[in-house]
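Notes for the one structure printed next.
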Ligand code: G4P
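Numbering (the numbering used here), first residue to last: 40 to 573.
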């Protein structure tokens, strides 16, 4: 095995998906703690914007600008190099999260056992399902009076359309929570509230039939034995192939706040989660083991300090080895690209690196060359696909308040669109610009940034549409006729692709029925090719 193969195979790149408050921040911190990347709790700041106001958000983003490193957290665990990718906490920035999910090879779904499957978990899990990303489930907050475990499993299975496979089982719940039984190891780990020592060996009991168990947990021991018998009958055995295919989710129970159940999770990820997977380019599938380097930009983070206009582009290495100072092809422009100070994200630190391997995420300083979806290669014309743009649900017309500043406004809009903060559309005729977003907070941030970073003042005039779909047709004349007929509802994205707007789902569905030869899609690849059908 070459060094390259060894490095590649030990990469483990994943993200956490959850609904706000389910415990993502807590578990991220605990993963870092167990992974030895941090030594004290409280080091990972919650990115929650408690009041959801723009000033809160901007403050948070500014803090983030200073320590961008927390967007990717790298550490070594059990021989693997873990790259844990962070995702924005606020639902209004879900597109950023969707894009981050395209850069990982597996995911961790954290569910609050009191609340069960919530809205945002549902939509993020759907994106993972669409991409067949393997998902591990963690049912958190078992120290609280939550729903019965079987009910939670049923809900995950039914709502997320995935087979569940418990790998641990809780002993009691809420104030009676006494620990978990690790099914594969036939071992009980006892829970002692407020005992947050991460070494749990002193608290284990070997074997379900061990009389020690009855001494420790009393009548709950008999209940556990019954439960285990039942779940062995009801749930399928763990099957790695099914997990890797994204059809089966291994489930763990615990309490992140109490450091409980987190080690099982990390051990599972280290042993079972996939190394970097092949990625599809428009031209062909690219395998990580290929000798030549290729990588794709999935996120751009603006430096919010106005004195430094540079941005950080996040590049996922897809194949080969990336090297500092080497000239690569920036496929979209056909120009050469070199980075003198690429950074890796280890624990809480950002460090300049000389090389990076498939599965790694590196930060490239950039002053405007790179866009989301851009590919870098050693010369091959590859275009990675599958970083979608989702149809926005809120549209506003941009009205310039200062004609002297229209250049700044346009530049600002272009750059924000490149960063993926907003989607910008234009009408066929005229210079009207329409911004499309998925959340109101996104609009507030855009306005704030246009004013402060680009000195452009504008008004957002609401537009009465809430549904959008990219439209295409194999017959060019037919598409042109459609566009002509509904020209007042057609806008164009930045790639010049037509988008049909509707007031609501009902009207959009009706149009689809009436014009069934037109293809309506709710996502578009960043390069414009059509995505998932509505
Ligand atoms: P998020 O990033 O997914 O939004 O969630 P976060 O980790 O911030 O957790 C949300 C709340 O849930 C926090 O409480 C956190 O302490 C609590 N929590 C996380 N894991 C557990 C657990 O296993 N058991 C219990 N009982 N609570 C848990 P908070 O009151 O909102 O914040 P804080 O004041 O405690 O920081």
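Where a beta carbon is used, it is the ideal one built from N, C-alpha and C, also for glycine.
The Cβ atoms of residue 411 and residue 459 sit closer than 8 Å to each other. For residue 164, the uninterrupted alpha helix (DSSP H) run begins and ends at 158-169, by DSSP. Residue 327 has its alpha-carbon roughly 39 Å from the corresponding atom of residue 209.
Checking the DSSP bridge columns, you'll see residue 204 partnered with 289. Note on geometry: alpha-carbon atoms of residue 465 and residue 211 lie some 58 Å from one another. The beta carbons of residue 435 and residue 502 sit about 6 Å from each other, so the pair counts as a contact at 8 Å. Where residue 63 is concerned, the enclosing alpha helix (DSSP H) starts and stops at 63-73. For the set 133, 123 and 215, the Cα lying nearest the Cα of residue 55 is the one of 123. In this structure, residue 511 keeps its C-beta atom at 8 Å or more from the C-beta atom of residue 432. Here the alpha carbon of residue 160 sits roughly 20 Å from the alpha carbon of residue 110. Your pair residue 139 and residue 365 does not check out as a contact, with CB atoms roughly 26 Å apart and the cut at 8 Å. Annotation: residue 482 is outside any beta strand (DSSP E); the continuous alpha helix (DSSP H) that includes it extends over 479-493.
In this structure, residue 430 sits away from residue 541, with a CB-CB distance that is not shorter than 8 Å. Taking 3 residues as the minimum length, the beta strand (DSSP E) runs contained wholly in the stretch 210-288 are 218-221, 226-229 and 243-245, in order along the chain. At least one heavy atom of ligand 1 is found less than 7 Å from the C-beta of residue 62.
DSSP lists 423 as the bridge partner or partners of residue 320. Under a 10 Å Cβ-count criterion, residue 50 is classified as buried, with 16 or more other Cβ atoms of the shown protein chains found around its own Cβ. Using a 10 angstroms sphere on the CB of residue 332, the tally of other CB atoms reaches 16 or more, which defines it as buried. The secondary-structure analysis by DSSP pairs residue 146 across a beta bridge with 54 and 174. By the beta-carbon neighbour count (other beta carbons within 10 angstroms, threshold 16), residue 552 is exposed.
Residue 189: member of the alpha helix (DSSP H) spanning 188-199, first to last residue. With a cutoff of 8 Å on beta-carbon distance, residue 179 and residue 295 are scored as near each other. As the crow flies, the alpha-carbon of residue 415 is around 15 Å from that of residue 394. According to DSSP, residue pairing for residue 416 in a beta bridge involves 333 and 368. With contacts defined by Cβ atoms closer than 8 Å, residue 474 and residue 461 form a contacting pair. Contact check for residue 563 and residue 428: beta-carbon distance about 5 Å, within the 8 Å limit, so the pair qualifies.
Counting along the chain, residue 531 sits inside the beta strand (DSSP E) bounded by residues 529-531. Counting along the chain, the unbroken alpha helix (DSSP H) around residue 450 starts and ends at 445-458. In this structure, residue 162 has its CB at a distance of at least 7 Å from all heavy atoms of ligand 1. Counting only residues of its own chain and dropping the five nearest sequence neighbours on each side, residue 517 has a CB closer than 8 Å to the CB of 556 and 557. Relative to the Cα of residue 47, the nearest Cα in the group 271, 405 and 361 belongs to 361.
Every unbroken stretch of the beta strand (DSSP E) spanning 3 or more residues and falling wholly within the stretch 490-524 is given here in chain order: 497-501 and 506-511. Between residue 305 and residue 74, the C-beta gap is smaller than 8 Å, which places the two residues in contact. With a cutoff of 8 Å on beta-carbon distance, residue 559 and residue 531 are scored as not near each other.
Residue 404 is bridged by DSSP to 351. Counting other Cβ atoms within 10 Å of its Cβ, residue 69 reaches 16 or more and is therefore classed as buried.
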